[in-house]
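Numbering (mature numbering (1 follows the signal peptide of the UniProt record, and there is no 0)), first residue to last: -24 to -1, 1 to 269. What follows is a single structure, written as structure tokens, with notes after it.
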Amino acid sequence: MENGIWILLSAASTTIPLLQPLSACPPHIAYLPKSPPRQQQERKKKKKMASNALRTCGFASVFPTLLSSSRSKFTTTVALPNAYSNASSRFAMSAEWMPGQPRPPYLDGSAPGDFGFDPLRLGEVPENLERFKESELIHCRWAMLAVPGILVPEALGLGNWVKAQEWAAVPGGQATYLGNPVPWGTLPIILAIEFIAIAFVEHQRSMEKDPEKKKYPGGAFDPLGYSKDPVKFKEYKIKEVKNGRLALLAFVGFCVQQSAYPGTGPLENLATHLADPWHNNIGDVIIPRGISP
């Protein structure tokens, strides 16, 4: 078509193709105004920059309808995975004691203080799990009694917990409590009293069939009526386990400290450490004397 040219005219939203000799076209149609070369180059440059930006960020592949109504290489619909739901289910089943660690199926979080901690999977058997819950709670209560019993006498200047038992090694020794002699404080009588008391409690526990009631042999101890509110009672159960675990760790620390520095109490050892922390610490025991500065 040497003597013809396609000219598209848009009038009233209608596209009209015309094929006619260029000389036959009216002047205002045949000679279409053209943009200056400089403006055309700038327009092409902007389009290229926009195209590169879209390719880089990948925005066009995710939201194609915001960019173009035509089918182009930027308007490919990409199916996105439901990352939120997967993440929610993953974190819901994750153990709270270690991020990313899967929670065992038998630890569903219903028990007080259940954070999914069982790396050795000792609680897979339901009977064993109930026994472990009961044993942990009893040991927690013993530890919460032992830790104040160790710290308070030493804080009052009545000796540490290591020296408090020396009376038992002396024939005919007399037990004391906070510096006062204990009635019937000879070793055989104290052992007999403890045997009878513990035997009664354990007998009550063995007769109980309800796993929850086994944790409270002889009935729950609640003279102030804290368990009347179910919500508060559940909160107190969690606090009891948490404080008991902290007391267990504290008692283990007392034992380690006593092994490292025999004959000293925890408060005495703490005061010595604070007086010279660079020399009175665990390194003083682990590192040989010839190596430490």
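Think of the CB as a built atom: it goes at the ideal place given N, C-alpha and C, for glycine as much as any other residue.
Start-to-end residues for the alpha helix (DSSP H) that takes in Val146: Neither: Val146 is in no alpha helix (DSSP H) and is coded neither H nor E.
Identify the continuous alpha helix (DSSP H) that holds Arg181 and give its terminal residues. Leu163 to Met183
Give the single residue among Glu184, Arg97, Pro78 and Leu113 whose Cα lies nearest to the Cα of Ala87. Leu113
Do Ala119 and Phe227 have their C-beta atoms closer together than 7 Å? yes
Which of the three DSSP states, helix, strand or coil, is assigned to Asn156? strand
Just tell me which of Asp84, Ile262, Pro206 and Gly155 has its CA closest to the CA of Gln233. Ile262
Cβ shell of Gly239 (< 7 Å), same chain only, five flanking positions each side left out: Val138
Tell me where the alpha helix (DSSP H) around Ala223 begins and ends. Pro206 to Ala236
Starting from Pro102, trace the alpha helix (DSSP H) in both directions and tell me its first and last residue. Pro102 to Ala131
Any idea what DSSP makes of Ala78, helix, strand or coil? Rather than Ala, the amino acid found at residue 78 in this sequence is Pro. Looking at Pro78 - three-state DSSP - the assignment turns out to be strand.
Distance between beta carbons of Glu142 and Leu243, contact taken as under 8 Å: No, Leu243 and Glu142 are not in contact; Cβ-Cβ is about 18 Å, not under 8 Å.
Between which two residues does the alpha helix (DSSP H) carrying Leu251 extend? Rather than Leu, the amino acid found at residue 251 in this sequence is Ala. Residues Pro242 to Ala251.
Kindly indicate which three-state DSSP category Tyr202 falls into: helix, strand or coil? helix
Cα-Cα separation, Tyr153 to Leu98: 40 Å
Separation of Phe108 from His82, as counted between CA atoms: Note that residue 82 is Tyr in the sequence shown, not His. Cα-Cα distance, rounded: 13 Å.
Cβ-Cβ distance between Ala145 and Leu163 below 7 Å: no
For the alpha helix (DSSP H) holding Gly259, just list the boundary residues, first then last. Gly259 to Ile262
With 16 other CB atoms within 10 Å as the buried threshold, where does Arg19 fall? exposed
Distance, Ser235 Cα to Asn257 Cα: 13 Å
Pairwise C-alpha distance: Gly85 and Val158: 45 Å
Cα-Cα, which of Arg79, Gly92, Ser111 and Ala247 is closest to Glu188? Ser111
Identify whether Gln141 lies in helix, strand or coil by the three-state DSSP scheme. helix
Output needed for Leu224: all residues of its chain with C-beta closer than 6 Å, excluding positions within five of it in sequence on either side, in chain order. Ala119
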